[in-house]
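Working notes, structure below.
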């Protein structure tokens, strides 16, 4: 499969028990979407390798205990901290106002006054905070991005309108 045909859902965080089970940490906005997956792909040596899930148990909302076919206690050590993917065809459809962060890269950013600010270069996820990275007047600018700051998203036009705190852009550009 082509790498563009995969969607990153999380990573194998640790072993679980003594039978070779592993814990999948689901690092998405809606972890419950993935509680009944049948197959996963784990990136090993730069290649996504398919694994069949024989048994799945919910540990926490964002953590599943997986029993993978042909993986025993010895083999599961090699999977720890590896990224886990599913085919993009298995990713649930989102509502008009929902999106995956990767889908808004290159969207044009407008402030609440409908003034063009820049384009989304990267979405940075840190605990309890999401930040948009853009460039304004040749300088990197980081903008808070959450339900309170998001005003509107237009997927067709690839535009996003954000309530940017007063004076934030100037902090980056007037230095």
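Residue numbers (the working numbering): 217 to 391.
We put the CB at the ideal spot given by N, CA and C, even for glycine.
{"Query": "Environment of residue 289 [buried if 16+ CB atoms lie within 10 Å]", "Result": "exposed"}
{"Query": "For residue 412, the three-state DSSP class (helix, strand or coil)", "Result": "This structure cannot speak to residue 412, because the chain is shown only from 217 to 391."}
{"Query": "Through-space distance from residue 360 to residue 446, alpha-carbon basis", "Result": "Past the boundaries of the shown model lies residue 446; the chain is included only from 217 to 391, so the question cannot be answered."}
{"Query": "Buried or exposed (CB count within 10 angstroms, at least 16 for buried), residue 236", "Result": "buried"}
{"Query": "C-alpha distance - residue 335 paired with residue 368, whole-angstrom precision", "Result": "15 Å"}
{"Query": "Identity of the residue in 233, 348 and 252 nearest residue 378 by Cα", "Result": "348"}
{"Query": "Sequence-distant residues of the same chain with beta carbon closer than 8 Å to residue 227, five excluded per side", "Result": "240, 241, 243, 297, 298, 299 and 300"}
{"Query": "First through last residue of the beta strand (DSSP E) which encompasses residue 259", "Result": "255 to 260"}
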